[in-house]
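Chemist: Pasting a structure below so you can have a look.
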Amino acid sequence: MERERWTSRMAFVMAAIGSAVGLGNVWRFPFVAYQNGGGAFLIPYLVALFTAGIPLMVLEYGLGKMMQAGAPTAFAKVKDKLEWVGWWAILVGFTIVIYYAVVMAWCWGYLYHSLFLSWKGRAEDFFYKDFLGLSDGPGKLGGLRLPVVVGLVLTWASIVWIVQHGVRRVGKVVMVTVPLPVILLAIFVLRGATLPGAMEGLKFYLTPDFSKLAEPRTWLAAYGQIFFSLSLAFGIMIAYASYLHERADVNNNAFITALANCGTSYFAGFAVFTVLGYMAHVVGKPVAEVVSGGPGLAFVTYPTAISLLPTVPAVFGFIFFLTLLSLGIDSAFSLVEAAVTAVHDRWPISRRKATWLLSGIAFLGGLLFTTKGGLYWLDIVDHFANNYGLVGVGLAESLIVGYVLGAERFREHVNMDSEVKLGRWWDFCIKFLTPAILGILVVWSLAREFGSPYSGYPGWALLVGGWGVILLQINLGVALMSRRAFLRASLPASASLVAFAVLLKFLPPMWIMFIVASAVLYGGLAWSLSRARRGYEGM
Ligand code: PHE
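Start counting the sequence shown at 33; every next residue gets the next number (this note's numbering).
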């Protein structure tokens, strides 16, 4: 059967931009920039964009277009045994959409509450106590929050409605959901700019602190932000590009998508910081004391600022949550699309059935995050998915294309039909620079992880929601490739890893050294002796 196609180049590019431009552009970028040197952050950010973001985007587009398949099949076409890397990417993305949809469910709830400005005067208590009914810790789930479940149903209904009809429907929807949030953000920029205190806020956002450029963490933050923001390493861009014609442009589309996304992040910073500057002005505090990022910004700080607006605050509240919903929806369905494409490419199941099946599973999984303890789990899973899942898949991708497929060969292939030709610098980025940076990111996160448990959560919760989920994703990825590989390789490997971790935890250091040294020395000796062949005298 003929593969589905985008109706136009524009539809493809808009869909890719829609996936990249999400909640992170509003609640992550401005805050990360502010924390890492303000205006000076733009330097590492742009360096990261051109040395890792765009090169990996070219890689994903090129792979999808070249293989005409979603991530698992595309990697299998590189080498049979690599199919699991594609599944791993899909599973990390699928995990993300499970909770991303829950954040969107909160937005639905707040869209309703904005009509009455229900949070007025007590935004923090309203969000955590009234709305989420947050429990004392991840150990207390304490029942579902009905309003959040309703929001989750709305989110999944929208996703199913769009994805089940394939990229033709996606291409139409993004013509609305991509420009809409940008226009709505512009309303906030204009409103914010005309408020007292706006300049003060912008000063915080953009005043460069060049001393931060000397800190490695600033650079790591820039690379981390770029990878997450461009929706790389979840098989999304591979899936989207697989519906391109074989002779479509790759390189220039990657430049357009990446620059449009980062331009939107930068623009969103103006909407955030002018309004926060105004809020600081009203409550008479320095801007530094009111800024925040993540859900805290979207559901506590910014709503507070909105409730202080001099005219029609409820209207602005409504517009704000509509902005978040329209930002999030195309990122959410791109994650589902990646999974549907993967399943539909691999098994004889219709796209419609695959969509319903996967959405059903994700909805049920999402119920965990709609409980009173849900926010804790969301935070844990998110932390591990971004710090290890994303980074691990990105590392595997660049190594596979760089060395197995061959960077030079791949570049010649994508250059053939592209409006912008890439030079050797691309090979360098994919073979050395990107893997090196991602490698450093993993080591750095691991060091922090073992230094102090993430956010002070109890160890068991991090084991289940963090390490457990990572192991599950990898093992399931291998199992989806082949049962044999799962039983013979990934299962024993994971079991030994777990056993080793348990030993590390409970054995005194003396015994650990005894076991490790004995295994290496005598085990190694036994292994090499077992391979030795009888030789002739003197050989
Ligand atoms: N890129 C999106 C953002 O910036 C988030 C996202 C990550 C979406 C991964 C899909 C996949 O918000």
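C-beta: ideal position from N, C-alpha, C; glycine also.
For a quick check, are the C-beta atoms of Ser450 and Asn293 less than 9 Å apart?
Modeler: No, Cβ-Cβ distance for Ser450 and Asn293 is not below 9 Å.
Chemist: Taking only runs of the alpha helix (DSSP H) that begin and end inside the segment 339 to 382, which ones reach a length of at least 4 residues, in chain order?
Modeler: Listed in chain order, they are 345 to 378.
Chemist: Identify the residues that DSSP records as bridge partners of Thr127: which are they?
Modeler: Answer is none; Thr127 lacks a bridge partner.
Chemist: Does the beta-carbon of Asn447, which I'm using as the reference point, lie nearer than 8 Å to any heavy atom of the ligand PHE?
Modeler: Answer for Asn447: no, Cβ out of range of the ligand PHE.
Chemist: Rounded to the nearest angstrom, what separates Thr343 and Leu178 at their Cα positions?
Modeler: Between Thr343 and Leu178, the C-alpha separation is close to 32 Å.
Chemist: Can you list, in chain order, the residues of its chain with a C-beta nearer than 7 Å to that of Met98? Leave out the 5 residues immediately preceding and following it.
Modeler: Here the set comprises His445.
Chemist: Between Leu359 and the ligand PHE, is the CB less than 8 Å from at least one heavy atom?
Modeler: Flag set: Cβ of Leu359 near the ligand PHE.
Chemist: For the alpha helix (DSSP H) containing Lys235, list its first residue and its last residue.
Modeler: First-last of the alpha helix (DSSP H) with Lys235: Ala230 to Leu238.
Chemist: Which term fits Thr39, buried or exposed, when burial requires 16 or more other beta carbons within 10 angstroms of its beta carbon?
Modeler: Exposed is the call here.
Chemist: Can you name, in chain order, every residue of its own chain whose Cβ lies under 8 Å from the Cβ of Val90, other than the five neighbours on each side?
Modeler: The answer, listed in chain order, is Val282, Asn283, Ala286, Val446, Leu454 and Trp458.
Chemist: Check the C-beta distance from Tyr310 over to Ala230 and give it rounded, since I have them as a contact under 8 Å.
Modeler: Confirmed, Cβ separation roughly 6 Å.
Chemist: So, under 8 Å CB-CB, Ala133 and Leu212 are touching, yes? Tell me the CB distance rounded to an integer number of Å.
Modeler: About 19 Å; that fails the 8 Å criterion.
Chemist: Any heavy atom of the ligand PHE within a distance shorter than 8 Å of the CB on Gly54?
Modeler: For the ligand PHE, at least one heavy atom lies less than 8 Å from the Cβ of Gly54.
Chemist: Rounding to the nearest angstrom, what Cα-Cα distance links Ile469 and Val314 in this structure?
Modeler: Their Cα atoms are separated by approximately 43 Å.
Chemist: Buried or exposed for Ser430, please, with buried defined as at least 16 other CB atoms from any protein chain shown within 10 angstroms of its CB.
Modeler: Buried, because 16 or more other Cβ atoms sit within 10 Å of the Cβ of Ser430.
Chemist: Is the segment 42 to 54 touching the segment 216 to 234 in the sense that three or more CB pairs, one from each, lie closer than 8 Å?
Modeler: The segment 216 to 234, when compared against the segment 42 to 54, does not touch it at the 8 Å Cβ threshold.
Chemist: Please identify the residue among Ala103, Thr187, Ser477 and Thr333 whose C-alpha is closest to the C-alpha of Ala271.
Modeler: The candidate whose alpha carbon is nearest that of Ala271 is Ala103.
Chemist: With distance defined between alpha-carbon atoms, name the residue in Ala527, Ser528, Phe546 and Asn507 nearest to Trp120.
Modeler: Checking every option, the nearest Cα to that of Trp120 belongs to Asn507.
Chemist: For Thr403, list the residues DSSP reports as bridge partners.
Modeler: Answer is Leu176.
Chemist: Is it a yes or a no for the segment 243 to 257 touching the segment 323 to 339, going by three-plus beta-carbon pairs under 8 Å?
Modeler: Because the criterion of three Cβ pairs below 8 Å is not met, the segment 243 to 257 and the segment 323 to 339 do not touch.
Chemist: Which of helix, strand or coil does DSSP assign to Thr226?
Modeler: Thr226: coil per DSSP, three-state reduction.
Chemist: Can you tell me which of the three DSSP states Arg200 falls into?
Modeler: Looking at Arg200 - three-state DSSP - the assignment turns out to be helix.
Chemist: By how many angstroms is the C-alpha of Arg378 removed from the C-alpha of Leu88?
Modeler: About 24 Å.
Chemist: Identify whether Lys111 lies in helix, strand or coil by the three-state DSSP scheme.
Modeler: Lys111 falls in the coil class under three-state DSSP.
Chemist: If you draw a straight line from the C-alpha of Ile544 to the C-alpha of Leu535, how long is it?
Modeler: For Ile544 and Leu535, the distance between alpha carbons rounds to 8 Å.
Chemist: Going by DSSP, what residue range makes up the alpha helix (DSSP H) through Met545?
Modeler: Element bounds for Met545: Pro541 to Ser550.
Chemist: In whole angstroms, give me the CA-to-CA distance for Leu512 and Pro524.
Modeler: One C-alpha to the other measures close to 16 Å.
Chemist: Helix, strand or coil for His277? Go by DSSP, reduced to three states.
Modeler: Three-state DSSP puts His277 in coil, outside helix and strand.
Chemist: Let me know the secondary structure DSSP gives Asn68 once reduced to three states.
Modeler: Three-state result, Asn68: coil.
Chemist: If contact is defined by three or more beta carbon pairs under 8 Å, each pair taking one atom from either stretch, is the segment 414 to 422 in contact with the segment 161 to 181?
Modeler: They do not touch, by the three-pair rule.
Chemist: Please look up how many angstroms separate the CB atoms of Phe305 and Phe236, rounded, as I've assumed it's under 8 Å.
Modeler: Indeed, because the Cβ distance is near 6 Å, the residues count as touching under 8 Å.
Chemist: Since I believe Leu81 is in contact with Ala290 (beta carbons under 8 Å), could you give me their beta-carbon distance rounded to a whole number of angstroms?
Modeler: About 6 Å separates the two Cβ atoms, so the contact holds.
Chemist: When the distance is taken between beta carbons, is Ala300 closer than 9 Å to Asn57?
Modeler: Yes. Within cutoff.
Chemist: Do you know offhand how far Arg441's Cα is from Gly224's?
Modeler: Spanning the two alpha carbons is a distance of roughly 50 Å.
Chemist: So, under 8 Å CB-CB, Ala594 and Gly94 are touching, yes? Tell me the CB distance rounded to an integer number of Å.
Modeler: Within the shown structure, residues of the chain are numbered from 33 to 571, placing residue 594 beyond reach of any answer.
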